[in-house]
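Engineer: Before anything else, here's the structure in question.
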Amino acid sequence: MAKSKSTPAYTANGKKSEPSYDASSVPSASLPWYKTAVSEKLGLRYPIIQAGMAGGSTTPELVAAVSNAGGLGTLGAGYMTAQQIREALLRIRELTDRPFAVNLFIPEPYEVRSEDIAAMNEVLGTYRQKLGLPADPSPPDRYSEPFEEQLEVVLAEQVPAFSFTFGLPSGAVIERLQSCGIVTIGTATTVAEAVQLEQAGIELIVGQGSEAGGHRGTFAVPHEQALVGTMALIPQLADRVRVPVIAAGGIMDGRGVAAALALGASGVQMGTAFLTALESGAHPRYKEELMRSTDDSTTLTRAFSGKPARGIRNAFIADMERCEVRIPPYPVQNALTRDIRQAAARAGDAGGLSLWAGQAAALCRTEGAADIIRRTVQQTSERFGRFNA
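Numbering-wise, our numbering comes out as the position in the sequence shown, counting from 1, plus 7.
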């Protein structure tokens with residue numbers, strides 16, 4: 008592994024604290040595997056980040072449990088109002104004094120024709136009728152929550168770390184975040200995107216492989232050109248950028264962590280592994296589908312949101328694949344299908360839920376978040392012990 012740099016750690020209130028040891032004075036070969044540039048930068052015991060999955064799965068209880076266990080819990084706040092974020096942060100700070108992060112979506116420009124919306128609503132009308140919903144609902148007040156309002160809460164609350172996806176914040180936003188002592192974590196699906204993040208001054212970069220569950224973080228190239236797997240992506244990122252790289256996509260336990268670090272990553276981000284945690288807010292039917300998934304259960308789809316995302320193939324995805332109507336872009340399609348997803352959740356109908364999951368979802372376990380961290384750490388230590396034997 009690359010030698011860890013001695014960089015300021017951050018406490019839960021966003022203030023700097025001194026590292027527990029001087030990494031620059033210790034040969035890298037003598038450091039435990041979990042002493043990396045990522046763990047030092049974020050003030051973590053272990054360089055394991057719980058992904059900021061939007062939609063309700065990242066409850067304050069899950070975020071705090073991960074942080075208390077030595078990792079970095081992340082509130083997936085992309086769909087939350089400013090007030091909801093504020094309330095969640097209050098609860099998180101009641102449960103932990105350890106570092107945590109908030110994840111938001113960077114707004115993207117989009118164009119949509121009214122006739123495309125009308126055509127899609129006609130298609131969705133069939134599902135709405137089955138679920139007892141109005142076939143032709145009123146247009147939503149807005150397609151997504153205002154990023155500016157969400158960001159103001161992040162800044163006002165001085166969260167320890169801010170992660171983002173779908174793009175790159177403006178220079179002014181990055182400057183404001185860093186002036187508050189907030190560590191910035193960007194998402195890249197290609198080397199070119201990672202270079203853009205580094206040039207913008209982002210401090211840590213998540214390399215999202217194509218195995219990852221949920222929405223693709225691609226922002227600089229066509230999505231079909233950014234399906235690089237984690238094993239191929241991480242060493243190329245590590246060779247190209249100087250900032251620490253965090254591996255994401257298909258990592259479910261210590262085997263994946265050891266592999267990622269061997270490839271040049273300084274940490275990992277795990278999402279699907281925490282969806283079945285006891286503290287997860289994922290719907291019970293969602294968790295059931297994860298637990299019965301296999302290696303080929305997932306697919307990339309735009310059906311639910313208009314943006315490519317990896318999830319467990321279900322009836323809605325299959326039907327939309329046969330549909331000849333143009334799918335509106337994100338966030339329009341996401342707003343159009345919201346009532347269907349909510350009604351499906353109330354009915355316990357997994358066929359209408361967006362079951363985001365990575366390709367290694369079959370490795371999910373039902374256990375507490377702290378147990379996931381402990382098991383992953385133990386497995387990683389065992390793997391490195393074998394390597395060094």
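All C-beta atoms, glycine included, are put in the ideal place defined by N, C-alpha and C.
From the DSSP output, in three-state form, read off Ser217 for me.
Structural biologist: Here the question's residue 217 lines up with position 210 in the sequence shown. If DSSP states are grouped into helix, strand and coil, Ser217 belongs with coil.
Engineer: Please give the ranges of any alpha helix (DSSP H) in the stretch 224-280, keeping only runs that are unbroken, at least 4 residues long and fully inside the region.
Structural biologist: 237-247 and 261-269, all fully within the stretch 224-280.
Engineer: If you drop the 5 nearest sequence neighbours on each side, which residues of the same chain put their C-beta closer than 6 Å to that of His404?
Structural biologist: One cannot answer for residue 404 here, as it falls past the ends of the chain, which runs 8 to 396.
Engineer: So Ser74 packs on Arg105, CB below 8 Å; how close in whole Å?
Structural biologist: Reading the sequence shown from its first residue, position 67 is the one you call residue 74. Reading the sequence shown from its first residue, position 98 is the one you call residue 105. Sure, about 4 Å apart at Cβ, within 8 Å.
Engineer: Nearest-angstrom Cα distance between Asp246 and Ala219?
Structural biologist: Position 239 of the sequence shown, counted from the first residue, corresponds to residue 246. Position 212 of the sequence shown, counted from the first residue, corresponds to residue 219. Using only the alpha carbons, I get a separation of about 21 Å.
Engineer: Do three or more CB pairs link the stretch 338-357 to the stretch 235-255 at distances below 8 Å?
Structural biologist: no
Engineer: Determine the direct distance from the alpha carbon of Ser46 to that of Asp29, and round the result to whole angstroms.
Structural biologist: Numbered from 1 along the sequence shown, position 22 holds the residue referred to as residue 29. Numbered from 1 along the sequence shown, position 39 holds the residue referred to as residue 46. With a pLDDT of 35 at Asp29, under the threshold of 50, the predicted position of this residue should be treated as unreliable, though the coordinate-derived value follows. Going by the C-alpha atoms only, they are around 13 Å apart.
Engineer: Among the residues of its own chain, which have a CB less than 7 Å from the CB of Ser217, if the five just before and after it don't count?
Structural biologist: Taking the sequence shown and counting its residues from 1, one reaches residue 217 at position 210. Within the same chain, Ser217 has close Cβ partners Leu234, Val235, Gly236 and Gly256.
Engineer: On the CB-based measure, 16 or more other CB atoms within 10 Å of its CB, does Phe394 come out buried or exposed?
Structural biologist: The residue labelled residue 394 in the question sits at position 387 within the sequence shown. Classification for Phe394: exposed.
Engineer: Can Val109 and Val70 be called in contact, C-beta distance under 7 Å?
Structural biologist: Counted from its first residue, the sequence shown places residue 109 at position 102. Counted from its first residue, the sequence shown places residue 70 at position 63. No.
Engineer: Per DSSP, Ala110 forms a beta bridge with which residues?
Structural biologist: Counted from its first residue, the sequence shown places residue 110 at position 103. Going by the sequence as given, residue 110 is Asn instead of Ala. Gly83 and Ser170.
Engineer: Answer with buried or exposed for Arg390, where buried requires no fewer than 16 other C-beta atoms within 10 angstroms of its C-beta.
Structural biologist: Position 383 of the sequence shown holds residue 390. Arg390 comes out buried.
Engineer: Bridge partners of Val190, per DSSP?
Structural biologist: One-based indexing of the sequence shown puts residue 190 at position 183. Its beta-bridge partners are Ala168.
Engineer: Across which residues does DSSP place Trp40 in a beta bridge pair?
Structural biologist: As a position in the sequence shown, residue 40 is number 33, starting the count at 1. Looking at the DSSP assignment, Trp40 forms no beta bridge with any residue, so it has no partner.
Engineer: Out of Gly178, Thr197, Ala199 and Val198, point me to the one whose CA is closest to Thr191's CA.
Structural biologist: By one-based count along the sequence shown, residue 191 stands at place 184. Measuring from the Cα of Thr191, the nearest candidate turns out to be Gly178.
Engineer: Here's a check: name, in chain order, each residue in its chain whose Cβ is nearer than 7 Å to the Cβ of Tyr150, leaving out the five neighbours to either side.
Structural biologist: What you label residue 150 is simply residue 143 of the sequence shown in a count that begins at 1. Closer than 7 Å at Cβ, skipping near neighbours: Pro338, Val339 and Ala342.
Engineer: Whose C-beta lies closer than 6 Å to the C-beta of Ala322 among residues of the same chain, with five residues either side of it excluded?
Structural biologist: Looking up residue 322 in the sequence shown gives position 315. Hits under 6 Å: Gly358.
Engineer: Do Gly85 and Ala61 count as a contact pair if the criterion is CB distance below 7 Å?
Structural biologist: As a working mapping, residue 61 is identified with position 54 in the sequence shown. As a working mapping, residue 85 is identified with position 78 in the sequence shown. In contact: Ala61 and Gly85 (Cβ atoms closer than 7 Å).
Engineer: So, is Ala125 buried or exposed, given that buried needs 16 or more other C-beta atoms within 10 angstroms?
Structural biologist: Here residue 125 refers to the residue found at position 118 when the sequence shown is read from its first residue. Per the 10 Å Cβ criterion, exposed.
Engineer: Label Thr133 either buried or exposed according to how many other C-beta atoms from any shown protein chain fall within 10 Å of its C-beta, with 16 as the threshold for buried.
Structural biologist: Position 126 of the sequence shown holds residue 133. Thr133 comes out exposed.
Engineer: How many whole angstroms separate the CB atoms of Gly261 and Ala58, which I take to be in contact at a CB cut-off of 8 Å?
Structural biologist: Taking the first residue of the sequence shown as position 1, residue 261 is located at position 254. Taking the first residue of the sequence shown as position 1, residue 58 is located at position 51. The pair is not a contact, with the Cβ atoms about 17 Å apart (cut-off 8 Å).
Engineer: Tell whether a beta-carbon distance below 7 Å holds between Ala364 and Ile319.
Structural biologist: Position 357 of the sequence shown, counting from 1, holds the residue named residue 364. Position 312 of the sequence shown, counting from 1, holds the residue named residue 319. Yes, these two residues count as a Cβ contact at 7 Å.
Engineer: Could you tell me which whole alpha helix (DSSP H) segments of length 4 or greater appear in the stretch 311-379?
Structural biologist: 322-329, 339-343 and 345-354
Engineer: At 4 residues or longer, and completely inside the stretch 88-135: list those alpha helix (DSSP H) runs for me, N to C.
Structural biologist: 89-102
Engineer: Grab me the residues of Glu159's own chain with a C-beta within less than 8 Å of its C-beta, minus the 5 sequence neighbours each way, in chain order.
Structural biologist: For the purposes of this step, residue 159 is identified with residue 152 of the sequence shown, where counting begins at 1. Within the same chain, Glu159 has close Cβ partners Ala89.
Engineer: What whole-angstrom Cβ distance do Ala72 and Gly375 have, given they're in contact under 8 Å?
Structural biologist: Reading the sequence shown from its first residue, position 65 is the one you call residue 72. Reading the sequence shown from its first residue, position 368 is the one you call residue 375. 7 Å between Cβ atoms; contact.
Engineer: Under three-state DSSP, which class holds Leu175?
Structural biologist: Indexing the sequence shown from 1 puts residue 175 at position 168. DSSP places Leu175 in coil when its eight states are reduced to three.
Engineer: List the residues that DSSP assigns as beta-bridge partners of Gln57.
Structural biologist: For the purposes of this step, residue 57 is taken as residue 50 along the sequence shown, with counting starting at 1. Beta-bridge pairing links Gln57 to Met277.
Engineer: Taking only the alpha-carbon atoms, compute the straight-line gap between Gly188 and Glu231 and give it to the nearest angstrom.
Structural biologist: Here the question's residue 188 lines up with position 181 in the sequence shown. Here the question's residue 231 lines up with position 224 in the sequence shown. If I take the Cα positions, the gap works out to 36 Å.
Engineer: On the premise that Leu184 lies in contact with Gly193, defined as a C-beta separation below 8 Å, what is that separation, rounded to the nearest angstrom?
Structural biologist: As a position in the sequence shown, residue 193 is number 186, starting the count at 1. As a position in the sequence shown, residue 184 is number 177, starting the count at 1. Wrong, their Cβ atoms sit about 11 Å apart, outside the cutoff.
Engineer: Name the DSSP beta bridge partners of Leu162, please?
Structural biologist: Stepping through the sequence shown from its first residue, residue 162 is reached at position 155. DSSP, once it has assigned bridges, lists no residue as partnering Leu162.
Engineer: Just how far apart, CA to CA, sit His290 and Gly78?
Structural biologist: The sequence position of residue 290 within the sequence shown is 283, counting from 1. The sequence position of residue 78 within the sequence shown is 71, counting from 1. Cα to Cα, His290 sits roughly 24 Å from Gly78.
Engineer: State the CB to CB distance for the pair Ile181 and Ala195, rounded to an integer number of angstroms; the pair is presumed to be in contact (CB under 8 Å).
Structural biologist: Within the sequence shown, residue 181 is the residue found at index 174, counting from 1. Within the sequence shown, residue 195 is the residue found at index 188, counting from 1. With 8 Å as the limit, Ile181 and Ala195 do not qualify as a contact, their Cβ atoms being about 15 Å apart.
Engineer: Apart from the five residues just before and just after Pro147, which ones in its own chain have a Cβ nearer than 7 Å to its Cβ?
Structural biologist: Within the sequence shown, residue 147 is the residue found at index 140, counting from 1. Closer than 7 Å at Cβ, skipping near neighbours: Ala342.
Engineer: Measure from the alpha carbon of Leu140 to the alpha carbon of each residue in Tyr293, Cys330 and Gln349, then state which is nearest.
Structural biologist: Numbered from its first residue, the sequence shown carries residue 140 at position 133. Closest by alpha carbon: Gln349.
Engineer: Tell me, to the nearest whole angstrom, how far the beta carbon of Ala369 is from that of Thr301; I am working on the premise that it is less than 8 Å.
Structural biologist: The sequence position of residue 369 within the sequence shown is 362, counting from 1. The sequence position of residue 301 within the sequence shown is 294, counting from 1. That pair is a contact at about 5 Å.
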